[in-house]
Structures are given as C-alpha cells and as structure tokens.
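The structure under discussion appears below in the form of structure tokens.
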Amino acid sequence: MSVQARDLAVEFAYRFGRVPTVSRAPGRVNLIGEHTDYNDGFVMPAALEFATLTAASPRPDRRLRVYSMIMDETREFDLDSPPAVAAGDWSDYILGVALMLEQSGRRLAGADLVVWTDVPIGAGLSSSAALEVSCAHALITAARLPFEPIEIAKVCQRAENDFVGMRCGVMDQYISCRGVAGHALLIDCRSLASRNVAIAPNLRLLVANSMVRHQHAGGEYNARREACEEGVRLLSRTLRPIKALRDVTPDQLEASRRKLPDLIYRRCRHIVTENTRVLEAERALDAGDFVACGQAMNASHVSMRDDFEITCPEVDTLVGLAQTVEGVYGSRMTGGGFGGCTVSLIEASAVEKASRIMIDGYRIATGLEAEIFACAPSDGVRLIPV
Ligand code: GLA
Numbered sequence: 224m225s226v227q228a229r230d231l232a233v234e235f236a237y238r239f240g241r242v243p244t245v246s247r248a249p250g251r252v253n254l255i256g257e258h259t260d261y262n263d264g265f266v267m268p269a270a271l272e273f274a275t276l277t278a279a280s281p282r283p284d285r286r287l288r289v290y291s292m293i294m295d296e297t298r299e300f301d302l303d304s305p306p307a308v309a310a311g312d313w314s315d316y317i318l319g320v321a322l323m324l325e326q327s328g329r330r331l332a333g334a335d336l337v338v339w340t341d342v343p344i345g346a347g348l349s350s351s352a353a354l355e356v357s358c359a360h361a362l363i364t365a366a367r368l369p370f371e372p373i374e375i376a377k378v379c380q381r382a383e384n385d386f387v388g389m390r391c392g393v394m395d396q397y398i399s400c401r402g403v404a405g406h407a408l409l410i411d412c413r414s415l416a417s418r419n420v421a422i423a424p425n426l427r428l429l430v431a432n433s434m435v436r437h438q439h440a441g442g443e444y445n446a447r448r449e450a451c452e453e454g455v456r457l458l459s460r461t462l463r464p465i466k467a468l469r470d471v472t473p474d475q476l477e478a479s480r481r482k483l484p485d486l487i488y489r490r491c492r493h494i495v496t497e498n499t500r501v502l503e504a505e506r507a508l509d510a511g512d513f514v515a516c517g518q519a520m521n522a523s524h525v526s527m528r529d530d531f532e533i534t535c536p537e538v539d540t541l542v543g544l545a546q547t548v549e550g551v552y553g554s555r556m557t558g559g560g561f562g563g564c565t566v567s568l569i570e571a572s573a574v575e576k577a578s579r580i581m582i583d584g585y586r587i588a589t590g591l592e593a594e595i596f597a598c599a600p601s602d603g604v605r606l607i608p609v
C-alpha cells in the first residue's frame with residue numbers, strides 16, 4: 224500500500240476532524256562505515272525514497288494521541304504524567320522522542336498524530352530513525368519551535384539510547400534529518416560536520432532485503448559496542464589515553480596486538496580499518512573512480528563478516544551474487560547487521576540483470592525471496608504539501 228500525504232491527511236481528518244501538517248522523514252542506506260558512528264568515526268549514508276509520514280495538529284492540552292496506520296492501533300499519553308517505563312512496542316519511539324525533546328528544554332504542545340511508513344521494518348534501513356525524526360519534526364512544528372537538524376538528530380538518538388534501550392550511534396537520525404537528494408553524506412561522527420558526496424546520475428544504490436530480520440535491541444548490537452569500549456580501555460593502557468577507536472591508526476593497533484585478547488583485537492581491527500575505507504570511498508567517488516569505491520565496499524563486507532562477525536550466511540550469499548555481475552562496482556551488508564539488507568553500487572544499466580541474478584540465485588541457495596530496490600538518494604526530513 225502506498226500512502227500519499229493526501230491519503231494521510233484524509234485519515235487524519237476522519238479521525239480527528241482537523242487538517243494536519245505532514246512531516247516526511249526518510250530511512251537510509253549506508254554505503255560504507257558500519258558501527259563506526261559510536262566510535263567517533265566516519266560513515267557515508269544516503270537518505271532513501273522510503274519514508275515515514277507523520278500527520279499532526281496541535282491540541283489545546285498536553286495530551287498526545289497517536290494512531291499508527293501500519294499497526295492499526297492508537298496510544299494516548301499525558302506529557303505531564305508520562306509512563307515511567309517503555310511499553311516495548313512502536314509507541315516507545317514516539318513517546319521517547321517527546322520526552323527527550325522536553326528534557327532538552329523544548330516545551331511541547333499536546334498533539335494528535337497519525338503515522339504511516341513504507342520503510343521496511345527491521346530490515347536495517349532505519350525504520351526506527353525515520354519514525355523518530357518524522358515525529359520529532361511533527362511535534363516541533365505543532366509547538367511552533369525551530370527545527371535544528373543536528374540537535375534534533377541527537378535528541379532522537381537519546382530517545383533510542385535512554386528510553387528504548389538500544390545504544391545506537393547518531394548516523395541514522397543524522398541522515399534522516401540532513402539527507403540531500405543525489406548525494407551521500409560523509410559524516411564525521413565526532414565533530415558532527417558533514418560533506419555532500421555526489422552520487423553520479425548513472426549510478427544506483429541497489430538495496431537487497433535478505434528478508435532475514437535482525438534483532439538489535441536484543442544483545443548483539445550492544446555487545447559489539449561493549450567490545451569496542453573494552454578495546455579503548457585496553458589500548459589506553461598501552462598507547463596513551465584515547466577517547467575512542469577513532470583515535471587509533473591501523474599501525475598502532477597492529478603494534479598493540481599482543482596486548483589484546485584476539486576477539487577484542489578483531490573487533491577493533493574492523494573499526495580502525497573501516498574508518499580508513501570510508502575516507503577511501505569518499506575520495507574515490509569524488510574522483511569518479513567507482514572501481515576503487517567498490518573495492519572499499521567489498522573489503523568492508525569481509526571485515527564485517529570475519530572480524531566484527533555481524534553478517535549471516537544469507538547476506539553473505541546476496542553479496543557474493545551481486546559481486547559476480549558486470550556493472551556492479553561493489554557490494555556489502557548495510558546497517559547494524561545479523562540479517563537485513565545489502566547495498567551494491569551499480570551502473571543504472573545493470574540494475575535489471577543484477578536483480579534477476581540476485582533473486583534467482585538467492586532463491587536457489589536459501590529458498591527465500593529477496594526484495595530488491597534500485598534507489599537514488601533523497602532529501603532529509605521536511606514538511607510536504609497535503
Ligand atoms: C544501526 C545504528 C547506527 C549504526 C549502525 C551500524 O543502524 O542505529 O547508529 O551504529 O547500526 O553502522
């Protein structure tokens with residue numbers, strides 16, 4: 224089902240009897256730079272055409288009433304006496320964002336909201352961030368406050384860290400706030416500065432959903448983060464005090480190899496080498512050297528598979544299939560891991576052939592039906608006309 228802003232406004236008027244504004248926030252695909260964001264490192268995501276829409280209108284009181292068209296469920300909260308703990312469902316993202324906006328000193332108005340999305344849920348394309356950012360934008364619009372993209376990205380990240388309980392970095396919320404059509408963003412997750420990196424018009428980002436669903440909030444993601452923190456602690460003893468793995472070069476890590484348990488060493492090696500690959504990929508895209516960009520992507524996949532151990536046989540199969548096709552420059556898993564999607568940098572003219580080979584080959588290897596989307600980078604959050 225594809226819902227346009229107008230359909231959403233009609234649903235809203237039917238439920239709440241008023242004409243809403245509609246905020247649109249995109250999901251994302253990450254070209255390269257996985258798990259580097261919470262290590263103060265570099266990432267290079269692009270916003271997608273898949274997005275979450277939030278229709279909203281202020282209320283005279285301090286209540287939030289939210290209807291999800293996808294879940295066909297309504298939730299109500301009082302901003303002055305919110306529940307103390309998360310409910311463990313979709314509404315946590317919205318209430319968490321509202322609470323963190325207030326905690327950041329922004330006084331919200333009550334509001335009625337209707338949410339809808341076409342971002343595949345749990346597929347590693349940031350359905351959570353799209354929901355958080357579209358609701359943040361809608362609530363801020365309803366309260367007539369200024370929308371400051373980077374500040375709001377941080378507030379949404381806090382909602383997920385402190386309310387939902389997923390210790391994510393800032394990449395997904397950042398790109399959903401700041402995405403630029405036709406471009407990926409090179410984000411420095413320490414300074415939070417970013418640079419637009421043009422994706423040539425003859426290229427597509429081919430996203431393939433393995434249909435294997437990841438479970439982030441459940442331990443594996445947080446466990447990877449803890450391993451990185453342990454690496455920082457141990458390396459601070461041997462090198463010099465460091466704040467994050469961002470501060471370690473590949474040579475320094477090699478020199479300290481003996482001081483680290485093998486597992487921690489391999490986790491750190493992924494992060495340290497991935498930062499280098501992101502910057503290589505950026506340089507290659509700027510120079511129009513798509514082959515070099517693709518090589519960095521392929522190497523990133525190997526590092527995620529062997530060192531960080533966040534891939535799974537299904538995504539390895541999809542990546543392997545893509546890498547055999549002429550016109551595909553590089554392919555890797557994208558997102559937090561343990562299933563989800565792959566991204567391939569591909570000539571537009573090769574999309575049809577690659578899709579066919581990937582769908583057929585994947586079915587034969589796994590019995591599963593992959594979903595494939597040829598994406599072009601889109602814009603970050605904004606109001607869209609009703
Ligand atoms: C998830 C998190 C991000 C990032 C990626 C891995 O999408 O939300 O902050 O850590 O995983 O790169």
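Under the working numbering, the first residue of the sequence shown carries the number 224, and numbering increases by one thereafter. C-beta: ideal position from N, C-alpha, C; glycine also.
Residue i Cβ short of 6 Å to the ligand GLA heavy atom set
i: C564; result: no
i: H258; result: yes
i: G250; result: no
i: M394; result: yes
i: G402; result: no
i: C391; result: yes
i: G240; result: no
i: G559; result: yes
Neighbour flag for residue i against chain D, beta carbons, 7 Å
i: L254; result: Going by chain labels, chain D is absent from the structure shown, which holds only one protein chain.
Residue i in three-state terms, based on DSSP
i: C412; result: coil
i: H406; result: strand
i: A519; result: helix
i: V266; result: strand
i: L254; result: coil
i: L295; result: The sequence shown places Asp at residue 295, not Leu. DSSP places D295 in coil when its eight states are reduced to three.
i: T277; result: strand
i: H360; result: helix
i: C598; result: strand
i: I344; result: coil
i: L368; result: coil
i: V246; result: The residue you asked about is not Val; residue 246 is Ser in the sequence shown. Correct three-state label for S246: strand.
i: R381; result: helix
i: D610; result: No information on residue 610 is available, as it lies outside the stretch 224 to 609 that the chain covers here.
i: A228; result: helix
i: V393; result: coil
i: V337; result: strand
i: R285; result: coil
i: S417; result: strand
i: I373; result: helix
i: E575; result: helix
i: I580; result: helix
i: E234; result: helix
i: L639; result: Since the first and last residues shown for the chain are 224 and 609, residue 639 lies out of range.
i: E592; result: coil
i: R605; result: strand
i: L331; result: coil
Test item: CB-CB of residue i and residue j under 7 Å
i: P306; j: L322; result: no
i: V609; j: A577; result: no
i: M167; j: A431; result: Examination of residue 167 is not possible in this model, given that the chain is present from 224 through 609 alone.
i: P281; j: A332; result: yes
i: I533; j: G560; result: yes
i: L190; j: V342; result: The chain is shown from 224 up to 609; residue 190 falls before or after that span and cannot be answered.
i: N419; j: H406; result: yes
i: R448; j: R390; result: yes
i: D538; j: T557; result: In the sequence under discussion, the amino acid at residue 538 is Val, which differs from the Asp named in the question. No, the Cβ-Cβ distance between V538 and T557 is not below 7 Å.
i: A450; j: I487; result: yes
i: R427; j: I569; result: yes
i: I375; j: C358; result: no
i: T461; j: S479; result: yes
i: F613; j: L324; result: Limits of the chain in this structure are 224 at one end and 609 at the other, which puts residue 613 out of reach.
i: P249; j: A270; result: yes
Length at least 3, wholly inside the segment 420-487: the beta strand (DSSP E) runs in chain order: 426-432
Considering only residues of the segment 496-566, which uninterrupted beta strand (DSSP E) runs meet the minimum length of 3 residues and lie entirely inside it, listed in chain order? 551-557
Between the segment 378-397 and the segment 499-506, do at least 3 Cβ pairs fall closer than 8 Å? no
Any contact of the segment 234-247 with the segment 266-281, i.e. 3+ C-beta pairs under 8 Å? yes
Should the segment 482-501 be called in touch with the segment 515-527, which here means at least 3 C-beta pairs below 8 Å? yes
Kindly confirm or deny that the segment 285-293 and the segment 597-609 touch, where touching means at least three C-beta pairs closer than 8 Å. The answer is no - the segment 597-609 does not touch the segment 285-293, with fewer than three Cβ pairs under 8 Å.
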